[in-house]
Amino acid sequence: MQRVGTLALATQEMPADHGHRTVGDVVDEWLAAVRAAMRRLDDATVALAEGRSGAGEEYGSALDLVQLLDAWDADRRVDVALEGLGAVTDRARPLSSLSVGQRYRVRLAVMLAAGDDFLLLDEPTNHLDRDALDFLTDRLRAFQGGVVVVSHDRALLADVAHTILDLDPTREGTPGVYGGGFAGYREGRRAELERWEAEYAQQQTERERLAQDLSNAQNRLISGWRPDKGTGKHQRATRAGSLARAVHRRQEDLERHQITAPAPPQRFHMPELSGRAGVTLVRAENVTVAERLTLPVDLSLSSGDRLVVTGPNGAGKSTLLAVLAATLAPTTGTVHLARRARVHLLRQESSRPLHRRARDVFAEHVADLVTAGLLKDDETVGLSSLGLLASRDANKRIGELSMGQQRRLDLACALAGSPHALLLDEPTNHLSIALVDELTEALRVTDAAVVVATHDRQMQRDIADWPRLELSARSGSEVPVEE
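If you count by my numbering, then the sequence shown holds residues 189 to 671, one letter each, in order.
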């Protein structure tokens, strides 16, 4: 592998480093080349003033490098990026005093300002609010060098990506490369999957036909073919032999038939969620939660209702959903759930036992719902029918699953309760782009009431026609939003 120019890498996490490093130290480390170029120019200036031999050439070379790096403007660029990303601007601040998100924003800001030729960014939109996301998007669009982004953020990919490399295998078992930006990727992937599924289904149908032909031939041979009366011995023997040869041919046909198209990846299947016409499923009146949802919220949900809850971190989105699900009591106000209303909440974080197998946890969850009288036997769904976990993954212990697979299990458990009202807290977290698209489409048409709390800009765009409740940073104030 050859590399020309400079390269900068930002991984998902930045360690706290419990020593004495400060924000300023991070700036100096990333601007080391700039600092070195400025020192070289200072030294060359002194040499030129003293009339040393060759000082003119060294000064010219040093000046060219400073201009190439735009070194005089480097610290101003850092300050602009720190402000734009909402990062800590106090360069004396110890890193150990910063949160994970604050440290990440500091590093990302300095990286954007450093002027490297190539940027490698791993989930760069983590820990960014709306203004910071807009700043990052504008910077990446204007960046003159190369950028490689690892991201599930569909809005970022739609805004900045030219080419998509999808590591989910194609039918050939290799990653797929798609031009035309994110729109080209989605269309290419959709068409590819449709062709894959159609060919696989066609080959399966042909194999089933050959298997049936073999079974029919074997049945005729085993049941004992009887010729019509008056048929000669020679003719009877010839006919019996032809039956045996037919069975042999059918066997060979079946063995030769190879299914060359591998089984396509699972697709999500939303269970049919029933509504309850004329019933107010959930009604919240003047609810607040001390220090978490301080300004009162009033809302009601009926079957088929849609609501998207937005707002910055700390505004109380998760708290509001927990109150609506009756898993958290409000400090003031009341929440009323209709009799026998099934309200299920998909939380941001899972608390399921890591030593248990996913399949067993799901089965136990469904059994508990039936035992409690919340679900009838004929309303239950199997884990495999949802298309969320492959069979091999369902048999794993939860601790062996990836974050995305654990999230899929949590979603499966929420849907297994056949909810009349489905409350989803950041549902796109850790989920693949394809699954998020399928889930969003299913949420639009289900008869259940759906409430989504999300920072995901693409999901917000996809459900922009839903009524919206925006909570401010003051924890629960309702801000008028155009629908």
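Ideal Cβ positions, reconstructed from N, Cα and C, are used throughout, including at glycine.
N-terminal and C-terminal residue of the beta strand (DSSP E) that residue i is part of
| i | result |
| --- | --- |
| alanine 609 | 609 to 613 |
| aspartate 258 | No beta strand (DSSP E) holds aspartate 258; DSSP gives it neither H nor E. |
| aspartate 486 | 481 to 490 |
| threonine 568 | Element bounds for threonine 568: n/a, residue is neither H nor E. |
| glycine 521 | 520 to 525 |
| histidine 208 | Taken as a continuous stretch (DSSP letters only), histidine 208 belongs to no beta strand (DSSP E), as it is neither H nor E. |
| leucine 533 | 531 to 534 |
Three-state secondary structure (DSSP) of residue i
| i | result |
| --- | --- |
| histidine 340 | coil |
| glutamate 626 | helix |
| leucine 355 | coil |
| arginine 438 | helix |
| arginine 580 | helix |
| alanine 275 | coil |
| glycine 334 | strand |
| alanine 652 | coil |
| valine 639 | strand |
| glutamine 423 | Confidence at glutamine 423 is low in this model, with a pLDDT of 49, below 50, so its placement is unreliable and the value that follows should be read with caution. Three-state result, glutamine 423: helix. |
| alanine 198 | strand |
| threonine 498 | strand |
| glutamate 387 | helix |
| arginine 191 | coil |
| glutamate 658 | strand |
| arginine 377 | helix |
| arginine 327 | helix |
Residues near residue i in its chain [Cβ-Cβ closer than 8 angstroms; skip 5 each side]
| i | result |
| --- | --- |
| alanine 514 | Val523, Leu525 and Val531 |
Residue environment, residue i, which counts as buried when at least 16 other CB atoms sit within 10 Å
| i | result |
| --- | --- |
| arginine 656 | buried |
| aspartate 258 | exposed |
| histidine 315 | buried |
| glutamine 400 | exposed |
| glutamate 614 | buried |
| threonine 507 | buried |
| glutamine 646 | buried |
| serine 491 | buried |
| histidine 208 | exposed |
| threonine 210 | buried |
| aspartate 161 | Examination of residue 161 is not possible in this model, given that the chain is present from 189 through 671 alone. |
| tryptophan 218 | buried |
| valine 338 | exposed |
| valine 192 | exposed |
| glutamine 593 | buried |
| histidine 608 | buried |
| valine 511 | buried |
| methionine 591 | exposed |
Contacting residues, own chain, Cβ-Cβ under 7 angstroms from residue i (five flanking each side not counted)
| i | result |
| --- | --- |
| glutamate 271 | Thr277 |
| arginine 436 | The displayed chain sequence assigns histidine, not arginine, to residue 436. Excluding sequence neighbours, histidine 436 sits near nothing in its chain. |
| arginine 279 | Thr210, Val211, Gly212 and Val215 |
| arginine 327 | Leu300 |
| serine 488 | Thr468, Val470 and Arg471 |
| threonine 616 | Val624, Thr642, Asp644 and Met647 |
Limits of the alpha helix (DSSP H) - the one that residue i falls within
| i | result |
| --- | --- |
| aspartate 310 | Unbroken run through aspartate 310 is the beta strand (DSSP E), 306 to 310; no alpha helix (DSSP H). |
| aspartate 548 | 546 to 559 |
| glycine 364 | Counting along the chain, glycine 364 falls outside any alpha helix (DSSP H), though it belongs to the beta strand (DSSP E) covering 364 to 366. |
| threonine 468 | No alpha helix (DSSP H) holds threonine 468; the beta strand (DSSP E) holding it covers 468 to 477. |
| glycine 212 | 211 to 218 |
| alanine 297 | 288 to 302 |
| leucine 599 | 591 to 604 |
| leucine 508 | 505 to 512 |
Nearest-angstrom Cβ-Cβ length linking residue i and residue j, presumed shorter than 8 angstroms
| i | j | result |
| --- | --- | --- |
| arginine 438 | leucine 402 | 4 angstroms |
| alanine 340 | isoleucine 621 | The displayed chain sequence assigns histidine, not alanine, to residue 340. That pair is a contact at about 6 angstroms. |
| valine 640 | valine 496 | 5 angstroms |
| threonine 568 | valine 549 | 15 angstroms between Cβ atoms; not a contact. |
| glycine 367 | aspartate 354 | Actually they are not in contact, since the Cβ atoms of glycine 367 and aspartate 354 sit about 12 angstroms apart, beyond 8 angstroms. |
| alanine 235 | glutamate 246 | 6 angstroms |
Nonlocal neighbours in the same chain, by C-beta distance under 6 angstroms from residue i, ignoring five residues either side
| i | result |
| --- | --- |
| alanine 250 | Arg228, Leu229 and Ala232 |
| leucine 557 | Leu563 and Gly605 |
| valine 336 | Leu308 |
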